[in-house]
Amino acid sequence: MSRGLKWFAWTTAFGLYLILLMGALVTKTGSGKGCGNTWPFCNGEVFPTYATFQTWVEYSHRVVSGLVGLFVVILAVWAWKVFSRDRVVLWLSIASVFFVVLQGLLGAAAVVWGQSDAVLATHFGFSLMSLAACVLLVLYLEQKDKESASPDSNVSSRYKFGVWGITVYTYFVVYTGAYVRHTGSSLGCGENFPGCGGQWLPDLTSSAGIHLLHRSAAYSLWLLVTGLLWVTVRSYRQHRELVRAAWFAWGFVTLQAVTGIASVLSGIQLIIALLHTTVISIFFSVMCYLCMRVGVPWRHEPALREEAVK
């Protein structure tokens, strides 16, 4: 991989992370309607003549999203042109573009027509998927240079299903977290931890119930990743990439739990909340990387493998 493509790929990945962070900032500051009901411009103007803090937060998010979206398209075309016979590059490029366009259209629809909290939560999820696809593309290209891009062989189908299952469950946990944010349920249990204001089984449609659902899902996710780490170290110690990725996953899911707890105890301080979003994005990307390393569980041959063309 050329140095130019390498740096452009990492820049694009960072840009997608920035979109994720700015989207969280828009929600946290209540800036979703900072530009009214017009899109792509702000209140129908390219340069708003009257701007509040919410206006600049929302409009800067749109501008950055547009620029980074263009970067994603350029990266996809560039990478595919260089590695035109590699199916992994092709599919990851398509996924990056697909999800960044989808999250942009969903964001535009939310501005113009409005959307339910459930749909808005998927907006964050699609942004996360685009980031993960781009990060995987960068890592794959990096490892392709080192001739270590092929998935790890000699791992059981049960282990593969476990990795993929935990990754899918991670997305569910992330979705519940985004739903908590969009429904204004971040303090549904007050500033209490581990309790929920004396409530054990609150109505799941209430703020306390929504918050407690996410909290319970996060608890179980930590246990699942801890179990994955134990199995990886115990059974696949010889696969250094798997062991390293499993440790990273455990470290970031633990940090995710710590920042989540700190966010509640601090009354949802903005910096801590944004740090929580950062950790989530890294953790999900690591889990997706593990999926790429183990391959598709329903295939006997290593998945996503492309032989070098001689």
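According to our numbering, the sequence shown is numbered sequentially starting from 109. Ideal placement from N, C-alpha and C gives every residue a C-beta, glycine not left out.
By how many angstroms is the C-alpha of residue j removed from the C-alpha of residue i?
| i | j | result |
| --- | --- | --- |
| residue 124 | residue 235 | 8 Å |
| residue 118 | residue 204 | 13 Å |
| residue 335 | residue 344 | 13 Å |
| residue 188 | residue 278 | 29 Å |
| residue 357 | residue 126 | 21 Å |
| residue 143 | residue 218 | 12 Å |
| residue 175 | residue 402 | 34 Å |
| residue 180 | residue 389 | 17 Å |
| residue 112 | residue 252 | 16 Å |
| residue 208 | residue 172 | 12 Å |
| residue 237 | residue 140 | 21 Å |
| residue 417 | residue 193 | Model confidence at residue 417 stands at a pLDDT of 37, short of 50, so the residue's coordinates are unreliable; what they give is reported in the following sentence. When rounded, the distance between both Cα atoms is 8 Å. |
| residue 198 | residue 184 | 8 Å |
| residue 363 | residue 386 | 10 Å |
| residue 250 | residue 152 | 43 Å |
| residue 391 | residue 206 | 21 Å |
| residue 382 | residue 159 | 24 Å |
| residue 240 | residue 137 | 25 Å |
| residue 177 | residue 338 | 39 Å |
| residue 212 | residue 342 | 43 Å |
| residue 292 | residue 328 | 23 Å |
Name, in chain order, the residues that DSSP records as bridge partners for residue i.
| i | result |
| --- | --- |
| residue 153 | 150 |
Which of helix, strand or coil does DSSP assign to residue i?
| i | result |
| --- | --- |
| residue 299 | coil |
| residue 191 | coil |
| residue 401 | helix |
| residue 141 | coil |
| residue 167 | helix |
| residue 304 | coil |
| residue 376 | coil |
| residue 341 | helix |
| residue 495 | Nothing about residue 495 can be reported from this structure: the residues present for the chain run from 109 to 418 only. |
| residue 214 | helix |
| residue 371 | helix |
| residue 384 | helix |
| residue 263 | coil |
What is the C-beta distance between residue i and residue j, in whole angstroms, given that I count them as a contact (C-beta under 8 Å)?
| i | j | result |
| --- | --- | --- |
| residue 232 | residue 359 | Between residue 359 and residue 232 the Cβ distance is about 23 Å, and since that is not below 8 Å, they are no contact. |
| residue 479 | residue 229 | Given that the chain is displayed from residue 109 to residue 418, the structure contains no residue 479 and the question cannot be resolved. |
| residue 361 | residue 330 | 5 Å |
| residue 147 | residue 216 | 5 Å |
| residue 102 | residue 399 | Lying outside 109 to 418, the shown extent of the chain, residue 102 is not represented and no answer is given. |
| residue 395 | residue 275 | 4 Å |
Ordered along the chain, which non-local residues of its own chain (more than five positions away) have a Cβ less than 7 Å from that of residue i?
| i | result |
| --- | --- |
| residue 368 | 326, 384 |
| residue 340 | 350, 351, 354 |
| residue 265 | 405 |
| residue 226 | 287 |
| residue 156 | 150, 163, 167 |
| residue 246 | 117, 118, 121 |
| residue 376 | 294, 295 |
Return the chain-ordered list of same chain residues with a C-beta closer than 6 Å to the C-beta of residue i, the five sequence neighbours on each side being excluded.
| i | result |
| --- | --- |
| residue 73 | Here the chain covers residues 109 to 418 and nothing more, so residue 73 does not appear. |
| residue 243 | 121, 393 |
| residue 210 | 234 |
| residue 283 | 229, 233 |
In its own chain, which residues sit with a C-beta less than 8 Å from the C-beta of residue i, not counting the 5 before and 5 after it?
| i | result |
| --- | --- |
| residue 297 | 303, 304, 305, 307, 316, 319, 320, 323, 372 |
| residue 115 | none |
| residue 380 | 367, 370, 371, 374 |
| residue 332 | 274, 277 |
Is the CB of residue i under 7 Å away from at least one CB in chain D?
| i | result |
| --- | --- |
| residue 371 | Here chain D cannot be found, since the structure has a single protein chain. |
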